[in-house]
Structure formats: C-alpha cells, structure tokens
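Read the structure below first, then the notes.
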Amino acid sequence: MKVLVVGSGGREHALVWKIAQSPLVDKIYCAPGNPGIARHAECVDIAVADLDKLTSFAQEEAIDLTVVGPEDPLSRGIVDQFNAAGLKVFGPTAAAAELEASKVFAKRFMAKYQLPTATYAEFSDASAAESYVREHGAPIVIKADGLAAGKGVTVAHDVDTAVRSIRAAMVEKVFGVAGTRIVVEEFLEGEEASVLAFADGKTILPMEVSQDHKPVNDGDLGPNTGGMGAYSPAPVVTKPLFDEVVNTVLRPCVDGMAREGRPYTGCLYAGLMITEKGPRVVEFNCRFGDPETQVVLPRMKSDLVPFLIACCDGALDRLKLEWLPAACVSVVIASGGYPGNYPKGKVITGIESAQRDGDVVVFHAGTRRQGEALVTNGGRVLNVTARGSDIPAAIQRAYAAVSKIHFEGNHYRTDIGRRALTHLERRCAAKTP
Ligand code: AMP
Ligand code: GLY
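Residues 447 to 879 in the working numbering are what the sequence shown lists, from first letter to last.
Right under this line is the structure:
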C-alpha cells in the first residue's frame, strides 16, 4: 500500500520511520517532509496548510492511507475534505479536533461529562476576567481559547502577570482571534505526563505513558518551549493511575464525543497533571504529541499501520498492542537562542557517527539540505533518541549520541529523564529493608 504522511518535524520523522518498518507498506510520501524523512519517504513539496493540493495529490497517486501530524490542518478540516473525496485518512474531523482547537469547547465538554480537570471560568470580556483573577488571586492559569502555536497559555504566579496576559490576549490581540475568548483556570500542582491513545470513534487503545520537558533549561527553569526532550515509560504513572486515566479520562472522552455527534478518530492525546488528588486533564490534543511520539513509537513492538487503518475503519476492538521491554529517551538539540530568536543555516555534523549505535535514531525536526551539507532550519533541530533496557541505560546512550553531534551555538538539556530516576530511586528505597 501507499501511505502519505503530512508534516515536517520530528514527530512526522518518527511516524515515517515506524511506518517504513511495516511489511504492508510499499511506498511512503511525506508532505513536505525533511532531509531525515527523505531517507524513508519521497518528500513532496506541498505545504501542510494546502488542503486542496494535498487532496488532489492523494487522489492522483491513489494513496491508500494518509496520516496527519500537526493540529492546524486537522482543525481546518483536512479529514473532512479527504473523507468527502473517498480517501482514507488518520485523524479527527474538524468537529472532533475542537477538543484541542478550542479550550472553551474542551472545558465545557469536560464539565458536562465530569472528566477530572482544573476548575475554570470562561470570558469574552477583559475587565470581567481581570475582576475574577483579582478575586481568586495567584497562582492562576490564563489560556487563550484558540490555537496559538503552543504560546497561548500563561501560568501566572502573581496577579499582575495574569492581568497582563489577559490584556495581551483580549485587548492587544497578540494571538489574533484565538484570544477573543479566554479560559481562566485553577493552578494544578504535580508532575505532568502524556497518554496517547488510538481511537476509532468507539474504542480506545492507550499507548504507553511518556513525559515531555517543556522549559528550556535544566531543572525545568527558563521559558517554555515546544518540548526539549521526552522519555517513556513515565514511572510517575503507576499501573493503578494508568487504569484510572483510561477509565476516568480516555473512555469517557471518546464516549462523550460520540454522544456529542463528534465521534473521535485518530490519536487522542491527554496531557495530565498527576496531583495529590489524582490525575487531572491539563489539555487534550487531537494528534500525536511532539516530542512524545519520538519516544513512544520506538517502544512499540506492533506494526503501527494496522492500528492507523483500524482507527479509520472503526475496527480497533479487534487489535492488541504489544510493546518492547525497553525504555526510550529523546534529547532535543536546539539552535542557539531558541526559544527566542535564533539563526538558521548552521552546518550539522556527526549524525552518522551518533547512529552507529543501532539503538540510536536521530529524528530530524528542523533541518534542510544546502548543497551537500545538512544545515539547521528551525529552533528545535534534532531529536536524538535512544532505546535501552531501562531509563538509565537509555539516558546514557542518548547523551553518548548527543556528544557526537555538532553545530554552532547548539544547546540541549542535560537532565532529560532525570525525574524518572527520582521515582525509580524512591521505589527502590521503599523496597529496601
Ligand atoms: P497547555 O497548552 O494547555 O498544555 O498548557 C501548556 C503548559 O502549561 C502545560 O503543559 C502545563 O505545564 C501548564 N499548565 C496548563 N494548565 C495548567 C494548570 N491548570 N495548572 C498548572 N499548569 C498548567
Ligand atoms: N508535547 C506537547 C505537544 O505535543 O503539544
């Protein structure tokens, strides 16, 4: 069969890498792809936003399955458009993607179906929002309703910051229409974890838990980024907690969406805060996580493709997911200056040498070819990913690989996975008499 993957980052590289291992697949295209993806797929120069061109490409090439990476085309209805053209496509419809595209929709939905989440209020008037914040005090969380490229959330530790972010969204309109409405939310304390699940509208099949590292610097300091690394499994989510997430978050979510007449198909991403009172939903995303996918897929023993197809066909109940008994860690190497301004076009060396370890794979997130050279082309450049028998082994391998890769100004966190070690050490200590 022929598969088309839509997107150009590390998540899409991981998807293409995994799909390429399927005996069911003869040919993979990726639009627009990147130089890492080009090793497994034919890259076609169509932007993810160009839904018409993507549709006609899939029709002309008789693509059997399209897999959509990013949220933008999903919330703009790529799945609806492909379905109308009789094309099989993995992802939610625009109506179902509202779970990510509108925080107001997601919060109302969670309230209606009693999913555990932070208490909240929604506002379309800045002064009413300000009064609410002054009354409730800090810490408090301000969220622009719409998609804001991951920048629409402010965790405010004082009232002034909260008020400033309300004004930025609603008066200065820094997120455009995405900030016309906002959600003001209770601050949740705890550790975060991500659970991705396949969904076919009725059935869910959860994947193994992972954890992202959003702040740019070691020790979770500095401004938030798109994610500086990830690891899986995440020991903060014990087996009973995992079952609680499946039973109180994922299943009720898919059941509720079906009742709303917006059956959810594709990858459902629950961003969770593990609080003292149990798991709480911080956000839903309507797609695979980035960089979570880069650590979850290398641990998947099963062929991914039958699961993608079953999500489209409503046939997930017939499948069982299998996992490798391995841990996986991915370290993001970023451009100097990221998440602020950064230069592009820096020559990258050492990837081949890093990948000489057969358990290391370097997913490309922001690279391009310049003649013979591979150069940087984004803030997050590479996801250096390693498998190991356990988290410490995977960390050691990932950083050994990172040390072989160079480009001018590069930076990365040196503590990816450390939180997992803290849990494992605590468990060990509890067992030792
Ligand atoms: P979101 O885009 O909703 O995932 O928010 C981005 C980040 O903000 C999350 O990953 C959390 O680190 C943080 N965050 C969001 N909501 C809350 C909350 N209610 N309490 C504490 N932190 C939050
Ligand atoms: N890792 C966060 C996200 O994919 O949105």
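C-beta atoms are modelled at their ideal positions from N, C-alpha and C, and glycine is treated no differently.
Rounded to the nearest whole angstrom, the CA to CA distance from residue 782 to residue 877 is 43 angstroms. When C-beta atoms of the segment 463-482 are compared with those of the segment 744-752, three or more pairs fall below 8 angstroms, so the two segments count as touching. In the three-state reduction of the DSSP assignment, residue 729 falls in the strand class.
Collapsing the DSSP output to three states places residue 527 in a helix. Distances from the CB of residue 871 to the heavy atoms of the ligand AMP are all 7 angstroms or more.
Beta-bridge pairing by DSSP links residue 781 to no other residue. The beta-carbon separation of residue 779 and residue 828, rounded to 5 angstroms, stays under the 8 angstroms limit for a contact. Residue 461 sits in a helix when the DSSP states are folded into three classes. In the DSSP annotation of this structure, the continuous segment of the alpha helix (DSSP H) that includes residue 578 starts and ends at 572-582. Within the same chain, and ignoring the five residues on either side of residue 726 in sequence, the residues whose Cβ sits closer than 7 angstroms to its Cβ are 562, 563, 564, 634, 718 and 719. By the neighbour-count definition (other C-beta atoms within 10 Å, threshold 16), residue 579 is a buried residue. In this model, residue 837 and residue 866 are separated by some 7 angstroms (Cα to Cα). In summary, residue 460 is buried, with 16 or more beta-carbon neighbours lying within 10 Å of its beta-carbon over all protein chains present. Considering only 672, 730, 482 and 656, the residue with the shortest C-alpha distance to residue 696 is 730. With a cutoff of 8 angstroms on beta-carbon distance, residue 614 and residue 584 are scored as not near each other. In chain order, 779 place their CB closer than 6 angstroms to the CB of residue 856, counting only its own chain and leaving out the 5 sequence neighbours on each side. Taking the Cα positions, residue 798 is about 30 angstroms away from residue 512. Between residue 675 and residue 611, the C-beta spacing is not below 8 angstroms. Look at which beta carbons fall closer than 6 angstroms to any heavy atom of the ligand GLY; those residues are 658, 673, 731, 735, 736 and 738. Shown here for residue 768: same chain residues with a beta carbon closer than 7 angstroms to its own, the five before and five after excluded, namely 747 and 748 in chain order. Cα atoms of residue 852 and residue 784: separation of roughly 16 angstroms, rounded to the nearest angstrom. The three-state reading of DSSP puts residue 607 in helix, counting H, G and I together. Contact annotation, residue 521 with residue 543: C-beta distance approximately 5 angstroms; criterion of less than 8 angstroms satisfied. For residue 717, the CB falls within less than 7 angstroms of some heavy atom of the ligand AMP.
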